[in-house]
Amino acid sequence: MDARLSLRAAGGVSNGSLLAAAAETLAQALGEDTVLDVEIDTDLWEFSADPEELYFALLNLCRNADAATPEGGVIAMSAINVDPFEGAPEGVVSVTVADNGTGMPEQVLSHVFEAYFTTKAAGQGTGLGLAQVREFVERNGGVIRVESEVGLGTIVRMIFPRLSRGVQIAAPTDLR
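Under the UniProt record's numbering, think of the first position of the sequence shown as 1, with each following residue one higher.
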């Protein structure tokens, strides 16, 4: 995916405390046989992301992961500092949702960010979720990456430029 970390107007500020609070609510939205394993850096940097929009992005990713683990499983949500990062010498915050579910074949993976693309049965999904998550991440100057392997699961990484004293720091770079 061609995307760039960039300087953008912040729609809000998120941090580790907000993510930890969101995780408690997210766990309640999952199936009873699904466990949400949360790991957040204790010194997680602040990053540009509206907390409410971040919550809905995580909810979408967790629900997708839950659907990919119909027999139950583990969904891992993590948030870590990455310093330095490809073209962002001040570092970034990586927020990841990973599952050990069914995974996606390449022909599905190549379409996941297209609006109205869904693998769910009629009436089960709109196909807007990942398109909206991508738009949210990019609007906040970040990038999103998805890795998946059939039978092993899926990893979605939302990568946001860190904030430093209220100023977003990131050098634009091509992340291929």
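C-beta atoms are modelled at their ideal positions from N, C-alpha and C, and glycine is treated no differently.
- In this structure, valine 97 sits away from leucine 59, with a CB-CB distance that is not shorter than 8 Å.
- Beyond the five residues adjoining it in sequence on each side, asparagine 100 comes within less than 6 Å, by CB distance, of Gly73, Val74, Gly153 in the same chain, given in chain order.
- Residue Pro70 holds the alpha-carbon nearest to the alpha-carbon of aspartate 33 among Ser148, Pro70, Leu44.
- Using a Cβ distance threshold of 8 Å, tryptophan 45 and arginine 157 do not count as a contacting pair.
- In the DSSP secondary-structure assignment, leucine 54 is not bridged to any residue.
- Boundaries for threonine 69: no alpha helix (DSSP H) harbours it, and the DSSP string shows neither H nor E there.
- Within the same chain, and ignoring the five residues on either side of valine 133 in sequence, the residues whose Cβ sits closer than 6 Å to its Cβ are Ala57, Asn60.
- Across the set Ala68, Phe47, Leu36, the C-alpha of Leu36 shows the shortest separation from the C-alpha of glutamate 24.
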